[in-house]
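So the sequence shown is numbered by our numbering: it starts at 3 and just counts up by one.
We put the CB at the ideal spot given by N, CA and C, even for glycine.
Worksheet for the structure shown next.
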Amino acid sequence: MTVQLNTQADLEAAIHALVKQDTRLKPILAIAGMPALRRREAGFVGLAHIVCGQQLSTASAAAIWARLSAAFDPFDHHACRRVRADRLGRLGLSAAKIKTLKTIARELAADRLNLDMLAEQEADAAHHALTSLHGIGPWTADVYLLFCLGHGDAWPAGDLAVQEAIRIGLGLEIRPNPKQMASIAEPWRPWRGAAAHLWWSFYRAMKKREGVIGGVSK
Numbered sequence: 003m004t005v006q007l008n009t010q011a012d013l014e015a016a017i018h019a020l021v022k023q024d025t026r027l028k029p030i031l032a033i034a035g036m037p038a039l040r041r042r043e044a045g046f047v048g049l050a051h052i053v054c055g056q057q058l059s060t061a062s063a064a065a066i067w068a069r070l071s072a073a074f075d076p077f078d079h080h081a082c083r084r085v086r087a088d089r090l091g092r093l094g095l096s097a098a099k100i101k102t103l104k105t106i107a108r109e110l111a112a113d114r115l116n117l118d119m120l121a122e123q124e125a126d127a128a129h130h131a132l133t134s135l136h137g138i139g140p141w142t143a144d145v146y147l148l149f150c151l152g153h154g155d156a157w158p159a160g161d162l163a164v165q166e167a168i169r170i171g172l173g174l175e176i177r178p179n180p181k182q183m184a185s186i187a188e189p190w191r192p193w194r195g196a197a198a199h200l201w202w203s204f205y206r207a208m209k210k211r212e213g214v215i216g217g218v219s220k
């Protein structure tokens, strides 16, 4: 079963199901409050936006995306395939990011990749489909699945804010690593994506600041 988090009501229903399924989350929800659903554009544009922002400050990423948006209307996979790499470089993209975007555009054009259909796939399979692409790491895959597709079971095992929130909320001695995070989240299937939203809200409540992915907004 694949759960979709397309509306705030979807998220709230998933959170309530989670708390009923795992009562350890009840005090977490009491502290965090009901999280707000955050969504971004799907498809090539959404994934390209995330790729462009990798390892950059918010301001730098926004500036590069503004230049791309001004240069192409729209900046879709067709435009990305046609444009010369040196022009993308002059707009601020690194060689690595250009290669990643070109790879994604080529896979889409050849119908070897359907980004929208990933929402219907089992979360781990969808994650693997993305990370098998050049330049797409776990963080990028998780952000796309959670915030662009609203995949209800996507699980950001490597996110430091979620790791720290779980350490505090579950009373662990040390911050769990990604492998341990996968094990911890097993009881939360098929709502692990909703659990991530809850843990980001808990992190914000405890630390008085946003996590990296938790701060993503449309």
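{"Query": "How would you write the range of the alpha helix (DSSP H) that Ser62 sits in, first residue to last?", "Result": "Thr60 to Ala73"}
{"Query": "Distance, Cα to Cα, Arg191 vs Met36?", "Result": "19 Å"}
{"Query": "Taking only the alpha-carbon atoms, compute the straight-line gap between Arg177 and Gln165 and give it to the nearest angstrom.", "Result": "6 Å"}
{"Query": "Quick check on Gln23: does DSSP put it in helix, strand or coil?", "Result": "helix"}
{"Query": "Can you tell me whether His136 is buried or exposed? The criterion is at least 16 other CB atoms within 10 Å of its CB, across all chains shown.", "Result": "exposed"}
{"Query": "Cα separation between Val5 and Asp12?", "Result": "9 Å"}
{"Query": "Taking 8 Å as the cut-off, does the stretch 77 to 96 touch the stretch 13 to 27 (at least 3 CB pairs, one atom from each stretch)?", "Result": "no"}
{"Query": "Quick one: residues in its chain with C-beta nearer than 7 Å to the C-beta of Asp118, no 5 flanking neighbours on either side, listed in chain order?", "Result": "Ala44 and Gly45"}
{"Query": "With distances taken between CB atoms, is the gap from Ala156 to Asp144 smaller than 8 Å?", "Result": "yes"}
{"Query": "Quick check: the Cα distance between Leu172 and Arg26, rounded to an integer number of angstroms?", "Result": "8 Å"}
{"Query": "In terms of DSSP beta bridges, what is His129 paired with?", "Result": "His129 is not bridged to any residue."}
{"Query": "Note down, in chain order, each residue of its chain lying with its Cβ closer than 6 Å to the Cβ of His129, except the 5 sequence neighbours on either side.", "Result": "Ala143"}
{"Query": "Note down, in chain order, each residue of its chain lying with its Cβ closer than 7 Å to the Cβ of Leu151, except the 5 sequence neighbours on either side.", "Result": "Ala44, Leu120 and Ala121"}
{"Query": "Measure the C-alpha to C-alpha separation of Ala112 and Gln123 and round it to an integer number of angstroms.", "Result": "20 Å"}
{"Query": "Residues in its own chain within less than 8 Å of Met183 by CB, not counting five upstream and five downstream?", "Result": "Trp157, Ala159, Gly160, Val164, Gln165 and Ile168"}
{"Query": "Which whole-angstrom value is the C-beta distance of Ala125 and Arg194, which I expect to be below 8 Å?", "Result": "7 Å"}
{"Query": "Among residues of its own chain, excluding the 5 on either side of Ile30, which ones have a beta-carbon nearer than 7 Å to its beta-carbon?", "Result": "Gly171, Leu200 and Phe204"}
{"Query": "In the DSSP output, which residue or residues are listed as bridge partners for Gln6?", "Result": "His153"}
{"Query": "How far does the alpha helix (DSSP H) with Gly171 in it extend, from its first residue to its last?", "Result": "Leu162 to Gly171"}
{"Query": "Going by CA-CA distance only, name the one from Arg92, Ala198, His153 and Leu174 that's closest to Thr9.", "Result": "His153"}
{"Query": "Comparing alpha-carbon positions, which option in Met208, Ser62, Asn179 and Leu148 lies nearest Ala198?", "Result": "Leu148"}
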